[in-house]
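Asker: Sharing a structure here in structure tokens format.
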Amino acid sequence: MERNADAVISTSKLCKSYTNGEVPQHVIKNMDIQIYYKDFTVFMGASGSGKSTLLHILSGMDRASMGEVYFKDTNFSKYSEKQLAQFRKKNCGFVFQQVCLIGSMSLMDNVLVSGLLVEKNKKQVAERGRKLFAEVGLTEKEWGKYPSQISGGQMGRAGIVRALINNPEIVFADEPTGALDSTSGKAVLDLLTGFNRKGQTTIMVTHDLKSALRGNRILYLRDGRINGECSLGAYQGENEPGFEERKEKLLHFLEEMGW
Numbered sequence: 005m006e007r008n009a010d011a012v013i014s015t016s017k018l019c020k021s022y023t024n025g026e027v028p029q030h031v032i033k034n035m036d037i038q039i040y041y042k043d044f045t046v047f048m049g050a051s052g053s054g055k056s057t058l059l060h061i062l063s064g065m066d067r068a069s070m071g072e073v074y075f076k077d078t079n080f081s082k083y084s085e086k087q088l089a090q091f092r093k094k095n096c097g098f099v100f101q102q103v104c105l106i107g108s109m110s111l112m113d114n115v116l117v118s119g120l121l122v123e124k125n126k127k128q129v130a131e132r133g134r135k136l137f138a139e140v141g142l143t144e145k146e147w148g149k150y151p152s153q154i155s156g157g158q159m160g161r162a163g164i165v166r167a168l169i170n171n172p173e174i175v176f177a178d179e180p181t182g183a184l185d186s187t188s189g190k191a192v193l194d195l196l197t198g199f200n201r202k203g204q205t206t207i208m209v210t211h212d213l214k215s216a217l218r219g220n221r222i223l224y225l226r227d228g229r230i231n232g233e234c235s236l237g238a239y240q241g242e243n244e245p246g247f248e249e250r251k252e253k254l255l256h257f258l259e260e261m262g263w
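Count the sequence shown with our numbering and you get residues 5 to 263, in order.
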């Protein structure tokens, strides 16, 4: 597949297989995909369809069995483990269902640990951390606390700060609201949407309709292949004109996909 100049990540004939005993399980099958700058791309599909596996391969957390993965014009599918680690540190931010902050460190120290992996100037990292904490609505009193002293929603917001501290090209979010109540989940989605509006390329895996509505591009996976695509345009908000039409369009698409 010819790579588009607007693609920040693209794949060619991507395959991923695991061996269960002597029986190979083909999780990703000959997939060509392009992820575009500043898009909010959402992967949906039934459990076992390959969503998280694809996310891990695109972010360099896992390797494909066959095929190629490009970041801009660079094929990183043949990188060494050390090169992949450098790639992730410089270019990828991660927001997971379980935030997994270090319990013995304050929220700020958790962020500093990630930031100092790339930028050695602690003052600059701390200043960016303070700005990001302010953007996600966490005060100095709150980011000085330990993970055990804050709510799930605050934990989710701190996880987003950690994901953004190194100015990543792409934020990868794997079921980011899965462990949160509806109020905290909406707050996390609002933050991801807000940063995307500022130009942050975002890729999210979700089973949740409300989460999926935040994306402008929905890719539906079935049995390791892209089974369909739905373009929704930029998310404007639940109370804005056109939201119900957006919801109906996505629901119709998902019904066609067998969701």
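Glycine residues also receive a C-beta, built at the ideal position from the N, C-alpha and C atoms.
Please read these numbers as outputs of a predicted model, since none were measured by experiment.
State the Cα-Cα distance for the pair T210 and K253, rounded to the nearest angstrom.
Answerer: Taking the sequence shown and counting its residues from 1, the one referred to as residue 210 is at position 206. Taking the sequence shown and counting its residues from 1, the one referred to as residue 253 is at position 249. Going from the Cα of T210 to the Cα of K253 covers about 17 Å.
Asker: By the three-class DSSP mapping on this structure, what secondary structure does F44 have?
Answerer: What you label residue 44 is simply residue 40 of the sequence shown in a count that begins at 1. Strand, per DSSP.
Asker: Let me make sure I understand the geometry here. Which of N200, T78, M109 has the alpha-carbon closest to that of A177?
Answerer: By 1-based counting over the sequence shown, the position of residue 177 is 173. For A177, the nearest C-alpha among the options comes from N200.
Asker: State the Cα-Cα distance for the pair N170 and R221, rounded to the nearest angstrom.
Answerer: On the sequence shown, residue 170 is found 166 positions in, with the first residue counted as 1. On the sequence shown, residue 221 is found 217 positions in, with the first residue counted as 1. If I take the Cα positions, the gap works out to 25 Å.
Asker: Tell me where the beta strand (DSSP E) around R265 begins and ends.
Answerer: Since the first residue of the chain shown is 5 and the last is 263, residue 265 is not available in this structure.
Asker: R157 and V192: beta carbons closer than 9 Å?
Answerer: Working through the sequence shown from its first residue, we reach residue 157 at position 153. Working through the sequence shown from its first residue, we reach residue 192 at position 188. Reading off the sequence, residue 157 comes out as Gly, not Arg. Yes, the Cβ-Cβ distance between G157 and V192 is below 9 Å.
Asker: Specify the secondary structure class of F137 as computed by DSSP and reduced to three states.
Answerer: Your numbering for residue 137 matches position 133 in the sequence shown. The answer is helix: DSSP assigns F137 an H, G or I state.
Asker: Name the two residues that bound the continuous alpha helix (DSSP H) containing E26.
Answerer: In the sequence shown, the residue the question calls residue 26 occupies position 22. Premise fails: E26 is in no alpha helix (DSSP H) and is neither H nor E.
Asker: Can you confirm whether G198, when its beta carbon is compared against all beta carbons of chain D, has any partner nearer than 9 Å?
Answerer: Looking for chain D here will not work: only one protein chain is present.
Asker: For the alpha helix (DSSP H) containing N95, name the first residue and the last one.
Answerer: The residue labelled residue 95 in the question sits at position 91 within the sequence shown. Segment 85-95, the alpha helix (DSSP H) holding N95.
Asker: Could you tell me if Q102 is buried or exposed, where buried requires 16 or more neighbouring beta carbons within 10 angstroms of its beta carbon?
Answerer: Walking along the sequence shown from the start, residue 102 turns up at place 98. Q102 sits exposed, since fewer than 16 C-beta atoms from the chains shown fall within 10 Å of its C-beta.
Asker: Suppose you measure from the CA of L116 to the CA of D36; what does that come to, to the nearest Å?
Answerer: Counting from one through the sequence shown, the residue named residue 116 turns up at place 112. Counting from one through the sequence shown, the residue named residue 36 turns up at place 32. In a straight line, the C-alpha of L116 is about 37 Å away from that of D36.
Asker: Residue range of the alpha helix (DSSP H) that M159 falls in?
Answerer: Taking the first residue of the sequence shown as position 1, residue 159 is located at position 155. Its alpha helix (DSSP H) spans residues 156-168.
Asker: Evaluate contact between the region 68-76 and the region 118-135, counting only Cβ atoms and requiring at least three cross-stretch pairs below 8 Å.
Answerer: no
Asker: Give me the Cβ distance between G97 and A167, rounded to the nearest whole Å; I'm assuming they're in contact under 8 Å.
Answerer: Numbered from 1 along the sequence shown, position 93 holds the residue referred to as residue 97. Numbered from 1 along the sequence shown, position 163 holds the residue referred to as residue 167. 3 Å between Cβ atoms; contact.
Asker: Going by other Cβ atoms of all chains shown within 10 Å of its Cβ, with 16 needed for buried, is P245 buried or exposed?
Answerer: For this step, residue 245 is matched to residue 241 along the sequence shown. Label assigned to P245: exposed.
Asker: Can you give the Cα-Cα distance for A89 and V31, rounded to whole angstroms?
Answerer: The residue labelled residue 89 in the question sits at position 85 within the sequence shown. The residue labelled residue 31 in the question sits at position 27 within the sequence shown. Straight-line Cα distance between these residues: approximately 24 Å.
Asker: Answer with buried or exposed for L213, where buried requires no fewer than 16 other C-beta atoms within 10 angstroms of its C-beta.
Answerer: Mapped onto the sequence shown, residue 213 falls at position 209. L213 comes out exposed.
Asker: Grab the span of the beta strand (DSSP E) containing V73 for me, first residue to last.
Answerer: For the purposes of this step, residue 73 is taken as residue 69 along the sequence shown, with counting starting at 1. Run containing V73: 70-75, per the beta strand (DSSP E) assignment.
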